Structure formats: structure tokens, C-alpha cells
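Asker:
4 protein chains.
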Amino acid sequence: MNFASDNAYGAAPQILAALSAANNGTETSYGEDAVTARVTGKLTALFEHAIAVFPVVTGTAANSLALATLCPPYGAVFCHRESHIAVDECAAPEFFTGGAKLVHLDGEDGKITPAAIAAMLPHYARGVHSPKPAVVSITQASEVGTIYSVAEIRAIADAAHNSGMTLHMDGARFANALVTLGCTPAEMTWKAGVDALSFGATKNGALCAEAVIFFDTAHTQAFEYRRKKAGHLVSKMRFISAQLDAYLENDLWLSNARRANALARRLGDGLAALPGVTLAGPVEANGVFAWMPKPVAARLRERGAKFYDWAQEPERVMVRLVVSFATPEADVAKFIETAKG
Amino acid sequence: MNFASDNAYGAAPQILAALSAANNGTETSYGEDAVTARVTGKLTALFEHAIAVFPVVTGTAANSLALATLCPPYGAVFCHRESHIAVDECAAPEFFTGGAKLVHLDGEDGKITPAAIAAMLPHYARGVHSPKPAVVSITQASEVGTIYSVAEIRAIADAAHNSGMTLHMDGARFANALVTLGCTPAEMTWKAGVDALSFGATKNGALCAEAVIFFDTAHTQAFEYRRKKAGHLVSKMRFISAQLDAYLENDLWLSNARRANALARRLGDGLAALPGVTLAGPVEANGVFAWMPKPVAARLRERGAKFYDWAQEPERVMVRLVVSFATPEADVAKFIETAKG
Amino acid sequence: MNFASDNAYGAAPQILAALSAANNGTETSYGEDAVTARVTGKLTALFEHAIAVFPVVTGTAANSLALATLCPPYGAVFCHRESHIAVDECAAPEFFTGGAKLVHLDGEDGKITPAAIAAMLPHYARGVHSPKPAVVSITQASEVGTIYSVAEIRAIADAAHNSGMTLHMDGARFANALVTLGCTPAEMTWKAGVDALSFGATKNGALCAEAVIFFDTAHTQAFEYRRKKAGHLVSKMRFISAQLDAYLENDLWLSNARRANALARRLGDGLAALPGVTLAGPVEANGVFAWMPKPVAARLRERGAKFYDWAQEPERVMVRLVVSFATPEADVAKFIETAKG
Amino acid sequence: MNFASDNAYGAAPQILAALSAANNGTETSYGEDAVTARVTGKLTALFEHAIAVFPVVTGTAANSLALATLCPPYGAVFCHRESHIAVDECAAPEFFTGGAKLVHLDGEDGKITPAAIAAMLPHYARGVHSPKPAVVSITQASEVGTIYSVAEIRAIADAAHNSGMTLHMDGARFANALVTLGCTPAEMTWKAGVDALSFGATKNGALCAEAVIFFDTAHTQAFEYRRKKAGHLVSKMRFISAQLDAYLENDLWLSNARRANALARRLGDGLAALPGVTLAGPVEANGVFAWMPKPVAARLRERGAKFYDWAQEPERVMVRLVVSFATPEADVAKFIETAKG
């Protein structure tokens, strides 16, 4: 019963198999290989747009390199107070950008709003004394398992663009959001105004593969140099690209995400039905946030369940439960049973 | 006949197999897993010393993170003019350190000497006007396929330490050097005065795995923070560590290196015997540098051989030929035959 | 009636005169001059402690260089949400440190508390995923004209030190705070646990002179290199030091501060007596923050008064009025009269 | 007899007087003052071009901020091996740019050539493995007291622009070069292809004042933010601008430079006439480089002369003698007499 993180599980078998398939003969290194070209083609078709695509091995690298490409050292990145870039990456964006400021916005359900952007902007309109607002970054799905609608993304993009800012989407759980919305990748990104995307695969079945995608290919040169300079240009790139290739093949990424989301809903529904348990927010992706009595949480841990506490009250605790593409169905059922007591 | 790079070949089958073996159940992420612990144990035993070990995915990351840990932003790193950190990493060390200076030393056969260090030091003894000499970095095996003897390393370490500097070894081809010297890993590193090591595995059979090793564990905290902040802490770390685990198992790393070195010597000997062909230096690891008439190089390329030109003269060219753990023996024979004409 | 900033006024005549006096013959450049040595001696005596002293030309440089010396790139600096380093320096500390995080704490009257530090620390106790808490920075006097008591400083220092952090004091208005407390410089700094101080002079009568002071001289080498590398080592240093020399001579710095504080109190008292006007906080240094009806603020501006709005309500506005060492007494009286209407 | 540096002397009396004149009433801070506007106007007229002008307090700041504005973090700056930015600024450009590489070119008489640029470029044409050539920087007058002709500048600018690079001129001794060439400031800069200029004043009579000038005003916003973020936006800017204002008034800058250059020539001629003394290069600005027997140098120092040794041979030493705007004529005569023995 490991609900600690979607990183706790390993890799999808199809993705592992793709590594072996890619291990065939010689290839030009540093991304000039056939597998990387194929992935670029697949993603271009998928997003229905000319794009610049760059595989990297971690979500922190994807986010930080994307932000450093979009934001000057003297810029500011507006993001949710609880976003991964704000609180989980050891201030990596500040390092990659050369000292840009991450400006924390509040917002319900882990999501920022055009109103929050508008309210913050005057504090950054004082000339050179404040960093220049340069980028808005949103997380889809968010850190608390919620999802921006296409209309919400569009509204944020408009707010950003009207203020001379670009819009970055941290899509570490892009697939989980997409299958919930039921729209196309294009609709959830550039058609809604997204300028750059961290397209995650690791949490949803890869070993270590993400792709940074720009919908304006003018960023290509700057990004490629930055990726190399940050040590993120893998020499045997075919092995990173092969993960993405298999991830996209036969819609594996979508079926993995659908499975995780469905189990998360089942888990959320099961817990919500228990006395004393309340969901802290809607279950829209693969995360469940639930308030439960402290003895219930303690009993679950005694029986081997793994999960993180997210907030505390005297009598109860809010727990975060993350379901992965590979979480056994039986573990979900057992967790609910154990919570029931 | 691909002699362009040891990165042109894929992964050793044992290492690929280890990925599948590691894909078993859940694990704590971010390096707190059992595989990483096992690798740490293996390397500790191998080096016969308490060490701090950190897997990363590229050699540039290994070198830059190690240097940034050892060198302050206002420091200088002394290295060979042709070293990888000086000319092949897009000034990554300068980025990771926050602006340190790489000071280029000349030296025969791709190697620096205590004399070269001593000759440069006075230029960096002018107070704050010059960066503070902080680290000496050597490459073992060097960029031109040569190897520092243990005594040479010891002499450089003494020169560094006597000037308040530490010694870093870029061991992207550590195994190739070690099997030539026939000494122990300890003898080639800390016993000779090495303070930090980039222990390479990718070029010698891994997909994307290197380890940074400090022989003073006091660097642990600083390194761990820096690795995370640079986006180089892989969440599903077991898949990086599993590569290192298999690499070390049954001395795979040594047998791979021995094979590559032996084929390189065969290639070197075969070429040296040809009229008009001269080796540019000794073949001590898995690289062969040879001057040959330009028509010979052209003929080789026509027949499908891949390799890089390293230097030019009017009538002849110096080519770099890199043999990997997986280069077919037949390709070596064919290359010599083709060169023969 | 310029109450916009203490930077709006020029320099004290004694300080200007000192520049001419220093313009005498040749001197060793880059801080090895006699004037700088004299200032170091004066400050050492004044602070009753062995110190490392470094003149610089701006408060932003003083703060950022001090913080970069104390805080690693992967560190965090805890400070008040409205502090100068947080909102008025274009994220300079983030640049100088190489990407450290400024963590904003709330607090009444522009001051942070040990409780606020304690409440924030758990969010930064998650290993490498968050920056390492490294420095607490307080502003004395604060951005809203209030002053930490010696006991408050001591309590914050204890909270910092108990968590492995150091304490930096932004003393851009150090003199204004000191004369209010009536204690010694030593009591307000190292005796209360302060580790590093930005000792301001510009706002209180210099042209462009601040001093960074460390109470642990072990920071000397790192600071000196950083100052040079940031372009803040002035070649003809005697002209910066001469300002500090005159500033300290005959207690000019204290009499300037006393004058400004007294006028600020007079201004505050005068305004507080008016109907519809309320002080937003105590007047403890040279700043007055007052709520007033919008028509009153408008009338003042019509009559030529300069000042900044600090907060808005529908009917009234909170204005910031800063009194400098050189503000004419008549301007204070005229401002009150004009506000009276 | 202080010939150690042009920084050893103080300030021109006219410039000191201008500080007092500027100390009059209140001014908007941070560069929005009338004096700064006047200086901008004067320099615009002087250079006969729309320019962006930014006063700063040190040459290192001027160079580094200019380079960081022109060169991305992943870029390379080509400069002479002995240039100030290469060897005298503690790698400040590397810090300000976020890790760019300074590429050292050789060249006679302290000057680089189009041929040297052309010879180096192929080493930086290997894609992302090497930094991207972005800027060429020349020093006028050079570190060894020589001067680029307008035609030489034009040729270098063409070489730079044809390779997609911009041209920066470190004009710490701009006036000394200009009066020798006898051309206009426009002819020596933008008309010859210079894109950005560090316009020095400190060495030639100011206390601490330089100006960064861009001939393309599109750099304005980026530079202004960078200056603030680096702590180089002086609050009471009128006192920096007043120095530049007086420096330009009545051609003080040119007469100061003419005087220094003339004395340097007199010194050079006097020394060259002595037996055993040889000039190491032409005296074109205010520096004299002369080989002399070691006993002569020793005797000079015994009699109180100050100067730096620049190179050593067994029997003789090359000394650097810098003449400033304020060096007494008598000191020049006395130095020659003393050398004569």
C-alpha cells in the first residue's frame, strides 16, 4: 500500500522493452539519433504544431531549463505558492535563471487565477527596483490533484500575455490532466495560450524521461545551449528518447493515466464514504487529499500503508495519497478497508 | 566501422538486464532506495575508503557538480588546455560554480605537470584581482588517450595541496586507465592524493550513469543540495544506480575496458605498420590518434568509417579513433585493411 | 517639502569637505590606503570587537555581498515580507548568492519574530527538496520606521543560531535606530548575536558609502574576493572611506540621526493631532507612516509636497514620509500646516 | 615618483568642485535627476548618436555589466590574453554573465586582430559543446599602452559582426587613446563598428565614475535591470553624474589625457636615451613599458619611485610606468635623472 508518490513505482514494461529495442548498433550521440527524431515527429503530430522538443531526465531540469529560457536573470516568475517549482525543487529555477524571483500567488485548490496575477502585478511595476514580470507558470494537474479547465488556462494566458509575460505549464502529470479534460494536447496547451510545456513521463511510467516543448521554435538555440551547459544533454540520448517513444506508442501514456485516475477516484470515493473522513478537494487526477482522524492514519501506517501528511489539526490530519499507473487495485481496496477499521 | 566516439555504442546487455531486475515493486525515491545503498557499499569496498557517492546521469554533470562543490565562485580550476571541462562542456563548470575561471595549462600528451602548475601560480597570486587557485583537475585517461602514472598523480596532488588546492579527477574513462596501470582504484585515487572523482560508466557500457565520489565525506551535504538544485537528482534513482550496480558486478567494468583497450592497441599497431601512417601518441587506453595521408582518411570514410579529424596539416590529417567496449573485432580488422588500401 | 526618501537630500557638508581633504597626493589603490585603515580602526573601536570592514557604495551591494558570504547557493534567507532585500533590490541577493531563496516572513510593524522563524522552519526541513535555512536578516530600523529592541534582536539571534543559521542586520538606517535605543553599537549588534551588518551611511549624510562589517573575521577572504568579482572594489577607495571617516568623526552620524528622528517625531505628533489622520505605527526612527483622507494627501501634493503612498483604502491613504538629516525644519511645520488645511 | 597606477592619484579639482555644486537641494534618486540627464545630453552630443548611457562607479562593473547585456550565459567573449577583463577583474565577467567563457587571444602589442579571431572561431563552431561566440572585446588604450587605429577597430568590428558577434570596447583610458588618434569619439566607436563602450573617467581624474554606453538603445531595459540587480545603481546618482559632467566640461577629459600622454612620451624618450634601457613597445597613451638593468630598477625604488615589474629576465626587468593627469612634471624629470644614475 504505497501511496507516497507516483515515483515510488518503477517503469512500465513497454518502456523497459523499448530500451532493449533501442540498444541496437551505433547511433550519433547527443540527440542526433533516429529515436529522438522519431519522438520529435510523434510529439509534433500529437500537438498539431511546429514545436521544439528536448528530452531531459528530470522534471526539475525540464522546469528550470524552460523557465531560464523564458525569463531573464532580472525577471520574475509568477506561480502558485505550493507549486513544485516554488517549494520542491530547492530553488532550482533561481539557479538556472541566474537569480530570477519566484513570486508566490495564493489560490484555491492549488490553482492561480487571472485575478491573483492582476493583484500582484502592481507590486512589480516599480521599475528596476523589482524584478520584471516575465513568466507565469501553472501546474497541470496541480500539486493538490486539481485541474485547470481549458477556459481557465486561456484566461491565465491572456492575463500573462497582456502583461508582457509568457505562460509555462509544468506538466509533470500532463497525461492525468488531459484524460480528465478529454480534450486534445493542442487544446490544453498552445490553443489555450501556453508558450512552453514540461511534458512529464517519469511519474506516469518512464524511468527518467521528460520533454521540454516550446510552441515557438525560436527558443531552440538558447535551450539547446542551456541544456548542454547544465549537464542535461545525455550522450546516449536514444535511451531517453526511447522511453518517450514507447510512452507515446499505442497511447500508453493515456491508458496509464486513465488507470491511475480511475483508481484515485475509487480511492477517494471509498474514503469519502467513511465516517470522519472528508476529501480536502476534488479528485480530478491521480491524487487524493483527505482529512481523517489521526487514529485512522496511524492504523493505516501500522498496516504498512505509506503516504505523506499534508496538514495537521489537533484531532485530524490531511493525508496525500498518490496513485500511480502501476498501483495494484488490491492496494486501493485494502487501504479503504483498513481505513474503515 | 564507427570509431567516432565510445558514446556511439549502446549499453552492455548485463546493464540493460539490471534495469528490468530493478523494476520490481515500490522503492523510496530520490536515492533512498536499496539499489543505491548497494552501489554505495560496492564502491566503498572497491575504493577501500569511506566515501560519499552520488549517481548522476552525465559526465558534464559529474564534473561540474564536483568542481562547484570544491571551488568557490571566486576560485580558479587549473586544467589541461584540451581537457573535456575546458573545451567540451559549453563552460558548464563556469555556470555551476557561479563564475569560477578555468585556467588552461599546456602539457605534452594531454597531461599537465607540477611544473606547469608552478609556472601558472604566480599569475594567480595577486590578491583579489585574480581568482583564487582552488582546484586542479586531471583527466584519467586523458582526452588523447594517455594515462597518468600513479607517481605522476601523486606529484600533481602534492603540487595542488601545497598550494592550498584540491585535486579532482575526471574519470570518464577511469576503467580504461585502471586496467592499463594494473593498480587498485584506491592507488589511482585517494592513495595518490585525489580528493574527488568523476567515476564514469556511460562510455564503458552504461546507458546514462556516472558517480561522483568524494574521499572526504564532509562534502556530502553541499553536494546533495547542489545536485538537487541543478535538476540532477533523479526521482527513480534505482534505475541509475542499477546501471552502476551491474557495471561493477563480476568486474564487468574491467572486462569491458580491457576489451576496448586491447582492440585499440590492435588498431594502433595495425595502423602504425602502414606506410605514411604515424601514431600521434602512445595508445594507453581506448583511443588511437594517428596521422595519415588525407587520401587514406578519405577512402576510409568512403567505405563507411566514422571518426573525427583532430588536427590538420597540408598533406595529412590526425584522426581520432575511439574503440568502445562493444566495437566489433571485425571492424578493427576492416579499418586496418581499408587503410592499407 | 520633499519627504519621498532620505536619498532625496544630498551630502553633509563635513563629508563633502572630507573628500577634498582626502584628495592629497598619491595613495595605494583598492583599499590599501591610509584613510581606509583609519576607518577600520574607528569602527573597530566603536564596535569594541575585532571586525572585518569593507566599504562599498550602495546598500544593495552591502546586503547582497554580506548575504552571499553567509549563505550558500542552496541556502535560504529568512526575512520580513516587506524588507528591502525582499522587495526593493530587484532580487539582487538571489543573483549574488547564485540562486538562494528569500523566504518571506510576516510580522507586525515590519519586524519578524522568533515565532515566525519557528513556524517557517518545518517547511524547510525536508532535505534537499527545499533550500537549507542559512541566514536570518533583519532591518534596523525597519522599512516601516520601527526598531527592534536589543532583547528582540537577542531572541531572533538565538532562534537563528539554534537552527544553524546566522544573523544579518540591514542597517541602512543603523544610526537612526541606535540613537533611539540609546545603547552602544556593540549592544545592538554582536552582543545581541548579530553576525554581519550592513552599516549604512548614504541615507544619513554620505554621498555613496556603506560598510559591510563581519564580527567574525574568518569571512575576510571570501568577502574580499566577492566584492572584487562583483565590481564593488573601488580603485580610489580613499574617497569612499573618507566619507565614512567624516561620518564617524565628532559623532556626525549620531547627531544627523538624532536630528532626523526628532523632526520625524515632530511631524508624526503634528499629524496625529489632526482630525482624520492616524499614525499607522509608532514613529521610532526617521519615517512616519500616516493614514490621511485622500483630499488631504491631494492638497499636500498640490502645494508641492513629495511622498509615496504606501497603502490604499477607499476613503483614505497611508503615506510614507521620510525625514532626512537635512530636511529643513520649516518643511516639517509647513507640511503639518498644509495638512491642517 | 609614483608611477604604479593612474589610480594612485586623486581627483581633478574641477571634479571635486562639481560635487559641491551638485549638493544643492533635493533630487529624485536612482538616476532620475537633472545632473544625470545633463550628462546624457552631453555624451549624446559628443558621440553624435542616439545612445543609452549608464553611470557606474568602477571599470569592472562597467565592463561586466556591458558584457552581460551583450553575451548570453552560454556565450563566449573573445579578448586579448592580457586584457583587464581576462586577468584583472577576478573573473567578474564570468560572474555577471552567469558563466560565459572568456576566450584568450594572443596578439602583438596588447592588441587582437581579425586573423586571431578567425583562427579561434573554428574551435567554437562545434554546436552546443562549446560556448557560442557572442562578443569581441578590445581595450582602447590597451593594457600595454598601445592604441588601435580606427582602421584596426573597423576591421575587428567587421570580423565580429560577420560572425554574429558584437564589439565591446573597454575604454578605461578612452581619452588617452582619443587624443593620440586625434579623431572624434564617434569615429573611434560606432562609426568604426563598436556596439558598446565602457567610457572611463576614474583613471583620468574622477573619484569613481565610468559610463556604459550602448549605441543601440534597445539594450536600455536589460542594462538598467542588471545594474540594479548587481547593486550598481547608486541612490544619490547626482554625485556620480556630477563627476562625469565636470569631466566633460571645457574638455577637461581631453586636456587631462593630453597632459598625461605628453608626460609619458617625455618619460619614454628620456628613458630610451639611457644606455641599457629599451622601450618594450611604443608609447601611445599614458603608459611606458621599458626594459632596464635590474640595478637601475633597484636604485629607482631606493629613491622612492613606485612602479610594477611586468616581466623578468636574468639581467634586466621590464617595468610598467603609468603617468596620470596629475603626475608632477618634476617627478618625470627626477625619474629619468635617477635612472641615469
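Residue numbers (the numbering used here), protein chains in the order written: chain B, 229 to 569; chain C, 229 to 569; chain D, 229 to 569; chain W, 229 to 569. Every residue gets a Cβ at the ideal spot worked out from N, C-alpha and C, and that includes glycine. Note that the coordinates shown come from a computational prediction; the quantities given were computed from them, not determined experimentally.
1. From P571/B to E530/B, what distance separates their C-alpha atoms?
2. Measuring straight from C-alpha to C-alpha, what distance separates N478/D and S233/W?
3. What residues of chain B sit near G327/D, judged by a beta carbon separation below 7 Å?
4. Run through the stretch 402 to 485 of chain B for me and flag every whole beta strand (DSSP E) of 3 or more residues, listed as ranges in chain order.
5. Starting from A262/W and walking both ways along the alpha helix (DSSP H), at which residues does that stretch end?
6. Alpha carbon to alpha carbon, how far is V372/D from D337/D?
7. Step through the CB atoms of chain D and report whether any lies within less than 8 Å of the CB of K456/C.
8. If we define contact as Cβ-Cβ less than 8 Å, is Y453/D a contact residue for chain C?
9. For A250/C, which residues of its own chain have a beta-carbon under 7 Å away from its beta-carbon, when the five flanking residues on both sides are left out?
10. Would A387/B and I345/B be called neighbours here (beta carbons separated by less than 8 Å)?
11. In whole angstroms, what separates the C-alpha of T394/C from that of L298/C?
12. Please list, in chain order, all residues of the same chain as T448/B whose beta carbon is under 8 Å from its beta carbon, the five residues on each side excluded.
13. Are there 16 or more other CB atoms within 10 angstroms of the CB of H312/W, so buried, or fewer, so exposed?
14. When we look at the beta-carbon of A273/C and count the other beta-carbons within 10 Å, is it buried (16 or more) or exposed?
15. By the DSSP assignment, the alpha helix (DSSP H) with H389/C in it spans what residues?
16. Run through chain B and tell me which residues come within less than 8 Å of P359/D, C-beta to C-beta.
17. Secondary structure at N514/D, three-state DSSP: helix, strand or coil?
18. What is the DSSP secondary structure of M520/B, counted as helix, strand or coil?
19. Looking at the strands, I want to know which residues DSSP matches up with S311/C.
20. Please confirm whether V315/B has its beta-carbon closer than 8 Å to some beta-carbon of chain C.
21. With DSSP collapsed to three states, give me the class of R548/D.
22. Looking at the C-beta of V571/D, does it have a partner C-beta in chain B at a distance below 8 Å?
23. Check the Cβ of F442/W against every Cβ in chain D and list those closer than 9 Å, keeping chain order.
24. Name the chain C residues whose beta carbon is nearer than 7 Å to that of N235/B?
25. Contact check, A518/B vs T408/B under 8 Å by CB: the rounded distance?
26. I'd like to confirm something about S311/W: is its beta-carbon nearer than 7 Å to some heavy atom of the ligand GTP, or not?
27. Based on DSSP bridge pairs, tell me the residues matched to G303/W.
28. Which residues in the same chain have their Cβ closer than 6 Å to the Cβ of A474/B, if we skip the five residues on either side of it in sequence?
29. On a Cα-Cα basis, can you pick out the residue from G496/W, P413/W, R382/W, A434/W that is closest to V511/W?
30. Using a Cβ-Cβ cut-off of less than 9 Å, list which residues of the stretch 291 to 308 of chain W approach chain B; keep chain order.
31. Nearest by alpha-carbon distance to L499/C: which of K456/C, T325/C, R548/C, K457/C is it?
32. In three-state terms, what does DSSP make of G399/C?
33. Report back the beta-carbon spacing between F306/W and P361/W to the nearest angstrom; my notes put them in contact at under 8 Å.
34. Beta-carbon of A265/D versus every beta-carbon of chain C: anything under 8 Å?
35. Kindly list the residues whose CB is nearer than 6 Å to the CB of T417/C, restricted to its own chain and excluding five residues on each side of it in sequence; keep chain order.
36. By DSSP, does L502/C sit in helix, in strand, or in coil?
Answerer: The relevant details are as follows:
1. No answer is possible for residue 571/B: the residues shown for chain B start at 229 and end at 569.
2. Straight through space, the alpha carbons of S233/W and N478/D are spaced by roughly 34 Å.
3. For G327/D, the chain B residues whose C-beta falls within less than 7 Å of its own C-beta are A319, E322, F323, G327, listed in chain order.
4. Here the runs fully enclosed are 424 to 428, 438 to 442.
5. 262 to 275 is the extent of the alpha helix (DSSP H) around A262/W.
6. A straight line joining the alpha-carbon of V372/D with that of D337/D spans about 7 Å.
7. Using a Cβ-Cβ cut-off of 8 Å, K456/C counts as an interface residue toward chain D, since at least one Cβ of chain D sits closer than that to its own.
8. Using beta-carbon distances, Y453/D counts as an interface residue toward chain C, with a partner under 8 Å.
9. Excluding residues within five positions, the ones whose Cβ falls inside 7 Å are V263, R466, F467, A470.
10. Contact check for A387/B against I345/B passes: the beta carbons are separated by less than 8 Å.
11. Each residue's Cα considered, the two are about 7 Å apart.
12. Hits under 8 Å: A280, F442.
13. It is buried - the Cβ of H312/W has at least 16 other Cβ atoms within 10 Å.
14. A273/C counts as exposed, since fewer than 16 other beta carbons sit within 10 angstroms of its beta carbon.
15. Boundaries of the alpha helix (DSSP H) around H389/C: 378 to 390.
16. Those are C318, A319, listed as they occur along chain B.
17. DSSP places N514/D in coil when its eight states are reduced to three.
18. DSSP, reduced to helix, strand and coil, places M520/B within a strand of the structure shown.
19. The partner list for S311/C (beta bridge, DSSP) is empty, contrary to what the question assumes.
20. So no, V315/B is outside the interface.
21. In this structure, R548/D counts as strand in the three-state DSSP scheme.
22. Any property of residue 571/D remains undetermined from this structure, which presents chain D solely from 229 to 569.
23. What F442/W touches in chain D: nothing, since even the nearest Cβ is about 18 Å away.
24. Neighbours of N235/B in chain C, taken as residues at a C-beta separation under 7 Å, are given in chain order as S257, S463, K464.
25. Their Cβ separation, rounded to whole angstroms, is 19 Å, which puts A518/B and T408/B out of contact at 8 Å.
26. Judged by which ligands are present, the structure shown has none, so any question about the ligand GTP falls away.
27. Bridge partners of G303/W: K360/W.
28. Excluding sequence neighbours, A474/B sits near Q242, I243, A246.
29. Checking every option, the nearest Cα to that of V511/W belongs to G496/W.
30. So the list reads A296, P300, P301, Y302, G303, given in the order they occur along the chain.
31. Looking at the Cα atoms, R548/C is the closest of the given residues.
32. Three-state result, G399/C: strand.
33. The pair is a contact, with the Cβ atoms about 7 Å apart (cut-off 8 Å).
34. Judged by the 8 Å Cβ criterion, A265/D is not in contact with chain C.
35. L425.
36. L502/C falls in the coil class under three-state DSSP.
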